[in-house]
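Chains A and B, in that order, are what the protein sequence lines are.
Take 2 as the starting number for the first sequence in this note's numbering and just add one per residue.
Take 0 as the starting number for the second sequence in this note's numbering and just add one per residue.
Note that the Cβ used here is the ideal one computed from N, Cα and C, for glycine as well.
Read through the structure below, which is laid out as structure tokens, and then see the notes.
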Amino acid sequence: GESVGLHLPTLSVQEGDNSIINCAYSNSASDYFIWYKQESGKGPQFIIDIRSNMDKRQGQRVTVLLNKTVKHLSLQIAATQPGDSAVYFCAENITPSGTYKYIFGTGTRLKVLA
Amino acid sequence: AAGVIQSPRHLIKEKRETATLKCYPIPRHDTVYWYQQGPGQDPQFLISFYEKMQSDKGSIPDRFSAQQFSDYHSELNMSSLELGDSALYFCASSLSSYNSPLHFGNGTRLTVT
Chain A
2 GESVGLHLPT
12 LSVQEGDNSI
22 INCAYSNSAS
32 DYFIWYKQES
42 GKGPQFIIDI
52 RSNMDKRQGQ
62 RVTVLLNKTV
72 KHLSLQIAAT
82 QPGDSAVYFC
92 AENITPSGTY
102 KYIFGTGTRL
112 KVLA
Chain B
0 AAGVIQSPRH
10 LIKEKRETAT
20 LKCYPIPRHD
30 TVYWYQQGPG
40 QDPQFLISFY
50 EKMQSDKGSI
60 PDRFSAQQFS
70 DYHSELNMSS
80 LELGDSALYF
90 CASSLSSYNS
100 PLHFGNGTRL
110 TVT
């Protein structure tokens, strides 16, 4: 089936620590994944993406890891800051019949403690 | 940089009324997506368009319809509104090239009373 899920609904992290948000996906045919950050009252904001031919990609303070063997995706945020407090979603790109469809999983709320 | 523009920002309607939501994609983006997000829920895919043609369809009720116009803006039309339609409605746009991320607008909050 088509589903993307996250292990933890809420993650509390001390300011300055590293955060790790996990995501499991079920569609082995998905080959493109995106992490989004959503703040209250705003639309999802693109953070970082990764293609299935990669297992790691780094951005500014963020790293995405992809393990296709176990269909697992993670987002690592280094030196977590108060501004990182938000809900984080992973999304997978399912491309049936040459069209484009992105499925979102249940978000993880990240709370940064001062 | 220009972003996805959605209007209106907020909309209040009564049951059985109709509503029209508008979306203006990022310039040069040829693909538009609509998502519905209930409180505390993940965005649910409704429908997408590429070059003014419907591309894919998700969990969109038959009471809803959408289209993409020649200037690439899109409208989501919702009829016979129900209380359960109250949600945030997001539009996103992307380039049609594969592995092009979606960029979202800030949504329309629809409240049905």
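Worksheet item: What residue does the beta strand (DSSP E) around H72(B) start on, and which one ends it?
Response: Start at 1 with the first residue of the second sequence, and residue 72(B) comes out as number 73. Here H72(B) belongs to no beta strand (DSSP E), and DSSP marks it neither H nor E.
Worksheet entry | Residues sharing a beta bridge with H28(B), DSSP | Counted from its first residue, the second sequence places residue 28(B) at position 29. Bridge partners of H28(B): none, in fact.
Item to complete: For G37(B), count neighbouring Cβ atoms within 10 angstroms of its own Cβ and tell me buried if that reaches 16, exposed if not.
Response: As a first step, residue 37(B) is located in the second sequence; it is residue number 38 there, counting from the start. Exposed, because fewer than 16 other Cβ atoms sit within 10 Å of the Cβ of G37(B).
Discussion item. Please identify the residue among G17(A), K102(A), A30(A), L74(A) whose C-alpha is closest to the C-alpha of Y89(A).
Written reply: For the purposes of this step, residue 89(A) is taken as the residue at position 88 of the first sequence. Cα-wise, what sits closest to Y89(A) is L74(A).
Worksheet item: For S93(B), is the beta carbon positioned less than 7 Å from some heavy atom of the ligand FMN?
Response: Ligands in the displayed structure: none, and consequently the ligand FMN is not present.
Worksheet item: What does G44(A) reach in chain B if we use C-beta pairs closer than 7 Å?
Response: For this step, residue 44(A) is matched to residue 43 along the first sequence. Those are F89, F103, G104, N105, G106, listed as they occur along chain B.
Worksheet item: Taking DSSP as the reference, what is the three-state secondary structure of L82(B)?
Response: Within the second sequence, residue 82(B) is the residue found at index 83, counting from 1. Reduced to three states, the DSSP call for L82(B) is helix.
Discussion item. Taking 8 Å as the threshold (C-beta atoms), are L67(A) and F34(A) in contact?
Written reply: In the first sequence, the residue the question calls residue 34(A) occupies position 33. In the first sequence, the residue the question calls residue 67(A) occupies position 66. Cβ atoms of F34(A) and L67(A): closer than 8 Å.
Item to complete: Give, in chain order, every residue of the stretch 50 to 65 of chain A whose Cβ lies closer than 7 Å to some Cβ of chain B.
Response: D50, R52
Worksheet item: In chain C, which residues lie less than 8 Å from P42(B) when you measure between Cβ atoms?
Response: In the displayed structure, chain C is absent; the protein chains listed are A and B.
Practice prompt. Determine which residues share a DSSP beta bridge with Q77(A) and list them.
Written response: As a position in the first sequence, residue 77(A) is number 76, starting the count at 1. I21(A), T64(A), per the DSSP bridge assignment.
Practice prompt. Please name the residue in S79(B), H9(B), K51(B) whose C-alpha comes closest to that of Y71(B).
Written response: Locating residue 71(B) in the second sequence gives position 72, where the first residue counts as 1. When only C-alpha atoms are compared, the closest one is K51(B).
Worksheet entry | Residues near D29(B) in its chain [Cβ-Cβ closer than 7 Å; skip 5 each side] | In the second sequence, the residue the question calls residue 29(B) occupies position 30. Excluding residues within five positions, the ones whose Cβ falls inside 7 Å are Y49, E50, Y71, L94, S95.
Worksheet item: So, using beta-carbon positions, are L82(B) and T17(B) closer together than 8 Å?
Response: Along the second sequence, one-based indexing puts residue 82(B) at 83. Along the second sequence, one-based indexing puts residue 17(B) at 18. Contact: no.
Discussion item. Going by the DSSP bridge assignment, what does S93(B) pair with across the sheet?
Written reply: Here residue 93(B) corresponds to residue number 94 of the second sequence, with the count starting at 1. Paired residue(s): T30(B).
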